[in-house]
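Encoded as structure tokens, the structure appears first; notes follow it.
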Amino acid sequence: MFATAIPSVHDDFPREKNVVRLNIDYGSGQLKAALQYICKGERACQSKIISVPWDEGCSVLEQKIVPFGDGSIIRGDDVDLFVDKEPERSGEVIELWKLCLCPEYQDMDAARRVWSALGAKHGDMGAIRDSYRAQSELDQGQNLALAQNVEPLGGGAGNVERRLGYYRR
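Per the working numbering, the sequence shown starts with residue -17, numbered consecutively.
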């Protein structure tokens, strides 16, 4: 459940207040996230990193989404259900983010599908940012709920100090 915090030049300073840091890894085909509680006076490298489960027993999601016109998205297993129910809309599925951003892959079918699903042309970083923003809003809601209900200390915003102490080394 815990990963080791890796010291970084940017993290090697004591925090002036308690901090809850959320890290989301969009850099691979699997979406991963982690929370880190850093107590006042601690450096980030002194705190444990807590893997965030997206669903019960699932700490990674296949990084594919379907964006909708109202700004909402679905992802993971919900994408498979969507395509099963509406196979004619399978072209709206976005995956392989890295490939679609590289100019040398812009003519690949997978990259074309990503840009088509976004309703944008290759290289339109605003469209990518908007899509990441929609994902981040979904992630933030899930992770804030987790931060308020970290086990084994129980839930509720009133237990933050206790949780911070628990997750210290």
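Where a beta carbon is used, it is the ideal one built from N, C-alpha and C, also for glycine.
- A15 sits in a strand when the DSSP states are folded into three classes.
- Between I31 and Q45, the beta carbon gap of about 20 angstroms keeps them out of contact (Cβ cut-off 8 angstroms).
- Secondary structure at R3: strand, using DSSP grouped into helix, strand and coil.
- Around R94, the same chain offers no residue with a beta carbon nearer than 7 angstroms, after the five sequence neighbours per side are excluded.
- Just so you know, the alpha carbons of R115 and S33 end up roughly 21 angstroms apart.
- E86 is classed as exposed because its beta carbon has fewer than 16 other beta carbons within 10 Å across all chains shown.
- Note that the C-beta distance between A99 and I76 is below 8 angstroms.
- Per DSSP, V48 is one residue of the beta strand (DSSP E) stretching across 47 to 49.
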